[in-house]
Every structure is written in structure tokens, then in C-alpha cells.
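Here the structure comes first, spelled out in C-alpha cells, and everything after it is commentary.
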Amino acid sequence: MRLLAVDLGDKRTGLASGDTETRTVFPIETLHVPRGDALLQAVCNAATDHAADAIVIGLPLNMDDTEGPRAAISRSFGESVSSVTGLPVHFQDERLTSFEADMRLRGQKNTPDNDAVAAVVLLEEFLTRQ
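Note that my numbering has the sequence shown beginning at 248, numbered continuously upward.
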């Protein structure tokens, strides 16, 4: 099954793609689109372009495992994506994914954007749970 991962941000949103059979994950791009209809359309287009069978959206949990306002935004966005695409949406704890992405990119040149790599980390963690 092909998956599209979405690391939702205020100004930038990272995208990654992966496959449950091969367990491979790779960064796609970072969208520089603010939240709203344009971002929704861009994510839905990416799902189509990458033949996604399901979408994984980062869920920003608090360190005590509770959901705050940002988690509600992610859940609402996920509902919209599912409504438009008809695809199932899964949520994955995204705590520390940006930190992990920074660590992976440290000292490298010509690397993908941090946000796309954070989406990779998110999807790798999702696949590990499966």
C-alpha cells in the first residue's frame, strides 16, 4: 500500500511517500502554502500524483500525551483531506520529528528541506507501528 505522509505546519508542510510492502520512504517536497483551501488542494493533488492508498498526518501531541489546539487543527485537516480524496487518513504522533530531521541533515549539503525529512521520520515511525 502506498502512503503519503503530511507534516503539517503553519507556513510550510512537508510531504513524504512510502510503501508498506517494501517499507521504503522518501521525501517528496515541502509546500510553502499557508493552511487553507490551497494547502488542502496541494495535499490532495500530491495524494493523486503519488498514487496514495492512504494518508498519514502528523498529530502534534503534548509531552504528556494530551491533545492541544494544534492537534485539533491536524484532525480537522485530516477530515477535510479524507472527504476530498475518499482515502483513509491515519494520525501519527509527530513529537520530535523535526528534531530528528535536523539531526539527520546536520552537516549535509544539497539536502531536502527539513519539513520533507520530518515527514519521512513521521512515516517511518508509522510503518514501525504497523
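Positions of the beta carbon are idealized from the N, C-alpha and C atoms, including for glycine. Bear in mind the structure is a predicted one, so any value in this text is a computation, not a measurement.
_Using the three-state DSSP reduction, which class does Leu-262 fall into: helix, strand or coil?_
By 1-based counting over the sequence shown, the position of residue 262 is 15. Residue state, collapsed to three classes: strand.
*Closest to Glu-341 by CA distance: which of Phe-273, Pro-281 and Glu-371 is it?*
Here residue 341 is taken as the residue at index 94 of the sequence shown, counted from 1. Of the listed residues, the one whose Cα sits closest to Glu-341 is Glu-371.
*Ser-264: which of Val-280, Thr-295 and Val-328 sits nearest, CA to CA?*
Along the sequence shown, read from residue 1 onward, the residue named residue 264 stands at position 17. The candidate whose alpha carbon is nearest that of Ser-264 is Thr-295.
*Measure the C-alpha to C-alpha separation of Val-328 and Leu-286 and round it to an integer number of angstroms.*
Locating residue 328 in the sequence shown gives position 81, where the first residue counts as 1. Locating residue 286 in the sequence shown gives position 39, where the first residue counts as 1. Roughly 10 Å separates the two Cα atoms.
*In terms of alpha-carbon separation, which member of Gly-283, Thr-260, Pro-274 and Asn-361 lies closest to Leu-250?*
For the purposes of this step, residue 250 is taken as the residue at position 3 of the sequence shown. The candidate whose alpha carbon is nearest that of Leu-250 is Pro-274.
*Per DSSP, which one or two residues make a beta bridge with His-297?*
Residue mapping note: residue 297 aligns to position 50 of the sequence shown, counting from 1. DSSP output for His-297 lists no bridge partner at all.
*In whole angstroms, what separates the C-alpha of Asp-257 from that of Thr-269?*
Taking the sequence shown and counting its residues from 1, one reaches residue 257 at position 10. Taking the sequence shown and counting its residues from 1, one reaches residue 269 at position 22. In a straight line, the C-alpha of Asp-257 is about 32 Å away from that of Thr-269.
*Apart from the five residues on each side of it in sequence, which residues of its chain come closer than 6 Å, Cβ to Cβ, to Asp-360?*
In the sequence shown, the residue the question calls residue 360 occupies position 113. Contacts found: Thr-277.
*State the start and end residues of the unbroken alpha helix (DSSP H) segment that holds Asp-362.*
As a working note, residue 362 is residue 115 in the sequence shown. Looking at the DSSP string, the run of the alpha helix (DSSP H) that includes Asp-362 is 361 to 376.
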